[in-house]
Amino acid sequence: MIAQALMDGLIAGTMIGLGAIGITLTYSILRFANFAHGELISWGAYAALGVSGALATAYAPLAAPIGPFSFGWSLPIGLVASMVLTGLLALLVDVLLFGRLRARKSAVIILVMAGFGAALTLRSLLEFLFTSKPAYFTDALQIAMKLAPGVRATPDQLLSLGVSALLVFAVHLLLTRTAIGRAMRAVSENQQLAALAGVDVRQTIRIVWLLGAALAAVAGVMAGLLVQIRPHMGHDLLLPLFAAAILGGIGSVPGAMLGGLIVGLAEALSVQVIGAEWRAAVAFVILVAVLLLRPRGLFGSAA
1 MIAQALMDGL
11 IAGTMIGLGA
21 IGITLTYSIL
31 RFANFAHGEL
41 ISWGAYAALG
51 VSGALATAYA
61 PLAAPIGPFS
71 FGWSLPIGLV
81 ASMVLTGLLA
91 LLVDVLLFGR
101 LRARKSAVII
111 LVMAGFGAAL
121 TLRSLLEFLF
131 TSKPAYFTDA
141 LQIAMKLAPG
151 VRATPDQLLS
161 LGVSALLVFA
171 VHLLLTRTAI
181 GRAMRAVSEN
191 QQLAALAGVD
201 VRQTIRIVWL
211 LGAALAAVAG
221 VMAGLLVQIR
231 PHMGHDLLLP
241 LFAAAILGGI
251 GSVPGAMLGG
261 LIVGLAEALS
271 VQVIGAEWRA
281 AVAFVILVAV
291 LLLRPRGLFG
301 SAA
C-alpha cells in the first residue's frame, strides 16, 4: 500500500507543482502573493471542457479515445485553447485590477486583498455559469496497469507525469536559454535597473501572466481528467500550491515542481499513516515548517 501511495503522491504532486510554478513566477516578478491563481486552475479546466465538448458535438470522431487513453483529440485541442483563454483571462484581471494598483504604487497588502477579491469573484462566476455540480471530461473507465509489485497506474496518470516533466524542462529552458527568460530574471532582480538596461518591463510582466496562467490551465485539465472538475477545485489546491512554491524557493521552477512532488507525497503518505481526515493539514504543516526552518526554500537564494 505504501508503494501505491507513493505513486498516487507523485501524480498529485505533478498537478501541484505545475500550479506552483505560476505562483513562484508571479511572486518573483510582481512581489505579491496572488491568491487568485487557484481560480485560474478552475477556469482552465472549464475552458477546456467547453471547447472539447463543443468539438466533440460538432465532429463526433474527435471524441473517440486515442489509443489506451480515455479521451479523444477534442481534449488536447481543448487544452491548447484553454491555455490561451486562461492566459487572456489573467491578462484581463491584471489590466482591470492589479495593473491599476501597481500604477498607483499600492502597498503589497492592498494587492493581496485585491487577489482575494478577484478569487471570490472568479469562483462565484464559475458557479453561476456551471453550477457546483461536478463535471468530467469523459465517462470512460480505465483499468490500472501493473507497473511493479503493489504499484498500479492508468495510462492517463502516466501521461500526466510525462507531460509535467516535459513542461518543467521547457519552462526551465525558456528561463535560462532565451532572451525573454533573461528579461524575466532581470525584472525579478530589480525592475528599475532592468528598465534602464532596455528591458520592456510591461511586456515581461504580461508574459509572466500568460505563462503562469497557461501552466495553471494544464494543471486544471490534469486534475479534471484524473479526478473531476468543480468550481472550487483551484481553491482547494491553493494551500498546497503556496506550500510547494515556498518549499522549492521563490523564483525556482525546478524547485516549485520538486516542492509540489514533496507536498503530494506527504499528503498521500499521511492518508496511509494517520488517516485521510488529516490530509488537508499536511500542506499547512509543511508551509509553517519551511517558514520557520528555511524561509528561502530548497533552491531559493539567500536574502
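The C-terminal residue of the sequence shown carries number 303 in UniProt numbering, and the numbering is unbroken.
Glycine is no exception: its CB is placed at the ideal position from the N, C-alpha and C atoms.
Helix, strand or coil for residue i, going by three-state DSSP, please let me know.
i           : result
residue 81  : helix
residue 135 : strand
residue 147 : strand
residue 66  : coil
residue 296 : coil
residue 153 : strand
residue 303 : Residue placement at residue 303 cannot be trusted, given a pLDDT of 47 that sits under 50; the coordinates are not used to answer.
residue 274 : coil
residue 205 : helix
residue 229 : strand
residue 52  : helix
residue 250 : coil
residue 73  : coil
In whole angstroms, what is the alpha-carbon distance linking residue i and residue j?
i           : j           : result
residue 11  : residue 196 : 43 angstroms
residue 279 : residue 165 : 25 angstroms
residue 100 : residue 117 : 15 angstroms
residue 172 : residue 28  : 15 angstroms
residue 4   : residue 134 : 26 angstroms
residue 304 : residue 9   : With the chain represented from 1 up to 303, any question about residue 304 goes unanswered, as that position is not in the structure.
residue 31  : residue 251 : 11 angstroms
residue 156 : residue 198 : 45 angstroms
residue 303 : residue 128 : Note that residue 303 has pLDDT 47, beneath the 50 cutoff, so the model's placement of it is unreliable and the number below is only indicative. C-alpha separation (whole angstroms): 44 angstroms.
residue 77  : residue 221 : 12 angstroms
residue 349 : residue 216 : Since the first residue of the chain shown is 1 and the last is 303, residue 349 is not available in this structure.
residue 177 : residue 187 : 16 angstroms
residue 190 : residue 214 : 25 angstroms
residue 219 : residue 194 : 31 angstroms
residue 265 : residue 59  : 40 angstroms
residue 57  : residue 123 : 27 angstroms
residue 131 : residue 162 : 32 angstroms
residue 70  : residue 43  : 22 angstroms
residue 200 : residue 104 : 19 angstroms
residue 73  : residue 63  : 6 angstroms
residue 277 : residue 110 : 34 angstroms
residue 46  : residue 137 : 10 angstroms
residue 169 : residue 68  : 25 angstroms
residue 7   : residue 151 : 7 angstroms
Under 8 angstroms between the Cβ atoms of residue i and residue j?
i           : j           : result
residue 243 : residue 17  : no
residue 212 : residue 90  : yes
residue 208 : residue 96  : no
residue 14  : residue 106 : no
residue 259 : residue 268 : no
residue 297 : residue 249 : yes
residue 270 : residue 282 : yes
residue 241 : residue 262 : no
residue 203 : residue 2   : no
At least 3 beta-carbon pairs within less than 8 angstroms: the region 74 to 94 vs the region 32 to 51 = yes
Stretch-stretch touch, CB-based, cutoff 8 angstroms, three pairs: the region 105 to 125 with the region 229 to 245 | yes
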